[in-house]
Amino acid sequence: MDSNKDHYKLLLQAILPEEIFSYFEITQVIIDEKRLDVHLDELHQLPEEYSREKLTSKGFQSAVVIQDYPIRERMVYLHVRKRKWLVCSTGQIVSRDWDLIAKGARYTKGFASFLKELFGQIPD
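Under UniProt numbering, the first residue of the sequence shown is numbered 1, with each subsequent residue one higher.
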């Protein structure tokens, strides 16, 4: 990776929730005057809780949109697609159990904590 790409990656890691870089790859970024949309696909890594099973990738679930901290007066939306896996022995479709979304909200945990601290609750 060249030096410029390293700088861009460091900048993205400073701006976006850290969990993203452990589990997802950025597939698209769309920026306009009022919003920043970051599209993420889960990495092709087998879920640890099914490590003893034979799994086959079955693509992605529909994207979930999560609101994150605004950046430079732009609303930030993360469009997250989780992978689906077929457990060959049972025919069951499973996905990784990850916890990026704050309970009861469509915000990242960090942004939800910020809003709760600021307003005393997470706004609708």
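Heads up, the beta-carbon is just placed ideally off N, CA and C, and yes, glycines get one too.
Asked, Found
"Cβ separation of E25 and D41, assumed to be a contact under 8 Å, to the nearest whole Å", "6 Å"
"Cβ neighbours of K54 in the same chain (closer than 6 Å, five flanking residues each side left out)", "C88"
"Identity of the residues DSSP links to H39 by a beta bridge", "Q28 and H79"
"Reduced DSSP secondary structure (H/G/I, E/B, other) of L10", "helix"
"Proximity below 9 Å, CB of R96 to CB of Q45", "yes"
"Residue burial classification, L43 (beta-carbon count within 10 angstroms, cutoff 16)", "exposed"
"I15 beta carbon less than 9 Å from that of I71", "yes"
"Within 9 Å, strictly: CB atoms of V76 and R35", "yes"
"Backbone CA spacing between F21 and D68 [nearest angstrom]", "15 Å"
"Cut-off 7 Å between Cβ atoms - residues of its own chain near T27, not counting five sequence neighbours on either side", "H39, L40 and D41"
"R83 classed as buried or exposed, judged by whether at least 16 other C-beta atoms fall within 10 angstroms", "buried"
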